[in-house]
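Data block below; observations after.
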Amino acid sequence: MTFRKFAEFFRKLAETTLRNKITIILADLFKEAKLTEIGKICYLLQGRVAPLYEAVEFGLADKMIIRAIAEGLNVKREEVTTHFKKTGDLGITIEKLKEIINKRKVNKKKLSVVEVYEVLHKIATASGSGSQEVKIKLLSDLIKDLDSLSCRYVVRIPIGKLRLGFSDMTMLDALSWMLDESKRYRPEIEKAYNVRPDLGFIAETVKVKGIAGLTDIKPKVGSPILMARAERMTSGEDIIEKIGKCAVEPKYDGLRLQGHLQTTKISLFSRNLENVTQMYPDIVEGMKQQLKANEAIIEGEAVAYNPNTGEYLPFQETVQRKRKYDIEAYAREIPLKLFAFELLYKDGKNYIGKPYIERRRQLEKTVERGETILVSQEEVVDDVRRLEEIFQDAISRGLEGVMAKKLNGIYRAGSRDFTWIKYKRSYAGSLSDTIDAVVMGYDFGQGKRTGFGIGDFLIGIYDEKDERFLTVAKIGTGLTDSEWKTIKVRSDELKVKVKPKNYEVDKIMDCDIWIEPRIVTEIRADEITRSPVHTAGRIMGPSKSGKAFEVKEAGLALRFPRLERFRDDKKPADATTLTELRKMYGQQGKK
Ligand code: AMP
């Protein structure tokens, strides 16, 4: 496939917001792709040249791209910059400038997708001194060889601004559609993806072997597994009623880590699949010392503790370890312990489909006693009173609450269900749990904070069915000065000129500045209420006269929302979903 042809698919994808239409366009693209192309096409659609969990980044700022464009088109840098200032989009800028030039000159080369992918891969992997120059030269050569539409997309990839507005899930639907013009294979494809979240690999397997190729996907050491998540309940009684006799563990408040041991090599992944090995040398060392296996994949919660007092520290301390600089110094000052609670793979044996009890037993056998990796506490209970006692004990030790785990439950990679149930402390006058929400935009505001240039910000939850962000609140109070500054600075890095196409916002909630959905925040609120101006769960329909569109069922909104903390360990699609919010609203009614 030529890159030009691929660019035409990009254009078609950008022209629609309808998920079904996007799915069909992608399926057509996948059908047309050759075996050797489909994997690479999947990465490029994600704006990448490798799976998401591989730290292969382009490392080219706008300024560098502008240089590459100027060199590629043989025009002055100022000309590119002036045009860019007008459009706010380097993709459009290069396309327009190239169109003018193309009138004079015809492109002869027809580069293939694979050829372009390979150059982009070289750009991303060039390192060391002089690598910036190499990157610019490679990109400007591509620009010379490609037509104007292809150029639009080829520069949007390294700047990370494809903005196609669909997730990996839509790509999984499209793979099913490629096979059968229906979504019937999506559950099987998703199951495999949860264990090997590498779209290139999954797409290639499906293309080569059909759906049968996915039936026995095993974990691969070094490639992260999507983490299981928990449902929530608000009493021990509900938990025992739901899953009966269960294992109860403390709910530690730290950072979830998945550790992979490959003979002597350790890799650590965060819950959004980022490779964070470099950040935690103490955990790496602990795993090397304490894991009795050749190969293993374990999971746990890393918590900071004070080596002088022996106390575990709150999340705010732990999170300081999530840093790119001064790593060693912080590791000495705030050492971490990893409370291991899962074993998913060991020496050729896949434990994902084994019951909790068996995984736990293996975990205990695999982790040797030591300083850094501790197997989490656990007690099997079948009576409500004992469960409540453990819960109270956890609370009195400053923990968040407990996790109850179904004894015969398998590890539900990438899903949230009742095999794991979190039971958290409820605060007086508050919802028992917080909500993870994405910052969608902000207003300049008036009064006291005009100095900061931000008066309030709009937050939303994730509608997993339609892959949209729906609003639940605008927050204008309760932040510290430094939190306001952080929100403003980080938002400004993500500014976009028009409202992203996967945002659904009522006119009343429009923002002065829209931003890309990247910042995840944890929000506490007093309750979930109904509101006609928020779009989470809101149902619209034609008015009686049929002439207008009106609110048929008000949306769900947060009352007295407060920022608890930033959740950089979560991806936007990990925000609280509409289904969860509805459930929380229902539970609140019950109480
Ligand atoms: P949630 O992400 O809201 O579904 O809550 C589950 C989170 O609690 C996990 O992602 C872990 O980071 C954390 N956690 C703390 N202690 C445990 C435990 N004993 N078992 C499982 N998860 C735990």
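Using full-length UniProt numbering, read the sequence shown as starting at 1 and increasing by one per residue.
Note that the Cβ used here is the ideal one computed from N, Cα and C, for glycine as well.
In this text, all values refer to a predicted model and were calculated from it rather than measured experimentally.
Segment limits, beta strand (DSSP E) that includes residue i
{"i": "residue 402", "result": "401-406"}
{"i": "residue 246", "result": "246-251"}
{"i": "residue 53", "result": "Taken as a continuous stretch (DSSP letters only), residue 53 belongs to no beta strand (DSSP E), as it is neither H nor E."}
{"i": "residue 472", "result": "468-475"}
{"i": "residue 549", "result": "549-553"}
{"i": "residue 441", "result": "435-443"}
{"i": "residue 570", "result": "Here residue 570 belongs to no beta strand (DSSP E), and DSSP marks it neither H nor E."}
{"i": "residue 515", "result": "513-515"}
{"i": "residue 421", "result": "416-424"}
DSSP bridge partner residues for residue i (one or two, in chain order)
{"i": "residue 340", "result": "300, 375"}
{"i": "residue 640", "result": "Nothing in the structure corresponds to residue 640, since the chain is present only between 1 and 591."}
{"i": "residue 537", "result": "Bridge partners of residue 537: none, in fact."}
{"i": "residue 558", "result": "528"}
{"i": "residue 496", "result": "514"}
{"i": "residue 242", "result": "Looking at the DSSP assignment, residue 242 forms no beta bridge with any residue, so it has no partner."}
{"i": "residue 565", "result": "522"}
{"i": "residue 223", "result": "220"}
{"i": "residue 112", "result": "2"}
{"i": "residue 187", "result": "Note: residue 187 sits in no beta bridge, so no partner."}
{"i": "residue 542", "result": "549"}
{"i": "residue 504", "result": "470"}
{"i": "residue 346", "result": "296, 349"}
Residue i - DSSP class collapsed to helix/strand/coil
{"i": "residue 351", "result": "coil"}
{"i": "residue 522", "result": "strand"}
{"i": "residue 232", "result": "strand"}
{"i": "residue 456", "result": "strand"}
{"i": "residue 491", "result": "helix"}
{"i": "residue 181", "result": "coil"}
{"i": "residue 158", "result": "coil"}
{"i": "residue 381", "result": "strand"}
{"i": "residue 71", "result": "helix"}
{"i": "residue 85", "result": "helix"}
{"i": "residue 14", "result": "helix"}
{"i": "residue 57", "result": "coil"}
{"i": "residue 195", "result": "helix"}
{"i": "residue 410", "result": "coil"}
{"i": "residue 446", "result": "coil"}
{"i": "residue 431", "result": "coil"}
{"i": "residue 76", "result": "coil"}
{"i": "residue 172", "result": "helix"}
{"i": "residue 97", "result": "helix"}
{"i": "residue 213", "result": "helix"}
{"i": "residue 49", "result": "coil"}
{"i": "residue 128", "result": "coil"}
{"i": "residue 486", "result": "helix"}
{"i": "residue 120", "result": "helix"}
{"i": "residue 90", "result": "helix"}
{"i": "residue 9", "result": "helix"}
{"i": "residue 165", "result": "coil"}
Continuous alpha helix (DSSP H) stretch holding residue i: start and end
{"i": "residue 366", "result": "356-366"}
{"i": "residue 24", "result": "19-32"}
{"i": "residue 201", "result": "199-209"}
{"i": "residue 35", "result": "35-45"}
{"i": "residue 131", "result": "131-145"}
* Asked: Whole beta strand (DSSP E) runs in the stretch 254-332 with 3 or more residues, listed along the chain?
  -> Within the stretch 254-332, the complete beta strand (DSSP E) runs of at least 3 residues are 255-262, 265-269, 295-304.
* Validate contact between the stretch 201-220 and the stretch 398-407 using beta carbons, cut 8 Å, 3 pairs -> Cβ pair count under 8 Å is below three, so no.
* To do: Count the C-beta pairs between the stretch 320-328 and the stretch 343-358 that are closer than 8 Å, then say yes if the count reaches three, no if not.
  => Per the Cβ contact rule, the stretch 320-328 is not in contact with the stretch 343-358 (fewer than 3 Cβ pairs under 8 Å).
* Pair every Cβ in the stretch 468-485 with every Cβ in the stretch 546-563, then say whether three or more of these pairs are closer than 8 Å. => Yes: the two stretches touch, three or more of their Cβ pairs being nearer than 8 Å.
* Stretch-stretch touch, CB-based, cutoff 8 Å, three pairs: the stretch 409-418 with the stretch 260-276 -> Short answer: they don't touch.
* Asked: Quick check: the stretch 190-198 against the stretch 232-252, are there 3 or more CB pairs under 8 Å?
  -> No, because fewer than three Cβ pairs between the stretch 190-198 and the stretch 232-252 fall closer than 8 Å, the two stretches do not touch.
* Do the stretch 387-401 and the stretch 364-373 make contact, defined as three or more Cβ pairs closer than 8 Å? -> Fewer than three beta-carbon pairs drawn from the stretch 387-401 and the stretch 364-373 are found closer than 8 Å, and the two stretches are therefore not classed as touching.
* Asked: Can we say the stretch 530-544 touches the stretch 421-440, given the rule of at least three CB pairs closer than 8 Å?
  -> When C-beta atoms of the stretch 530-544 are compared with those of the stretch 421-440, fewer than three pairs fall below 8 Å, so the two segments do not count as touching.
* Asked: Does the count of Cβ pairs from the stretch 500-519 and the stretch 449-465 closer than 8 Å reach three?
  -> Enough Cβ pairs lie closer than 8 Å, so yes.
* Given 8 Å as the limit, is there contact between the stretch 71-89 and the stretch 132-142, that is, 3 or more CB pairs closer than that? -> Cβ pair count under 8 Å is three or more, so yes.
* Would you say the stretch 38-52 touches the stretch 182-189, given that touching needs at least three Cβ pairs under 8 Å? -> Judged by Cβ distances under 8 Å, the stretch 38-52 makes no contact with the stretch 182-189, as fewer than three pairs qualify.
* How do the stretch 430-449 and the stretch 511-528 stand: do at least 3 beta-carbon pairs fall below 8 Å, yes or no? -> Cβ pair count under 8 Å is three or more, so yes.
* **Touch test, the stretch 253-262 against the stretch 290-297, Cβ-Cβ under 8 Å, three pairs minimum** => The answer is yes - the stretch 290-297 touches the stretch 253-262, with three or more Cβ pairs under 8 Å.
* Flag this pair as touching only if the stretch 50-65 and the stretch 269-277 have three or more C-beta atom pairs under 8 Å; answer yes or no. => When Cβ pairs closer than 8 Å are counted between the two stretches, the stretch 50-65 is seen to touch the stretch 269-277, the count reaching three or more.
* Counting pairs of Cβ atoms below 8 Å between the stretch 25-33 and the stretch 170-183, do you hit three or more? -> Result yes; three or more Cβ-Cβ pairs closer than 8 Å.
* With a cut-off of 8 Å, do at least 3 Cβ pairs link the stretch 8-23 to the stretch 157-167? -> Yes, they touch.
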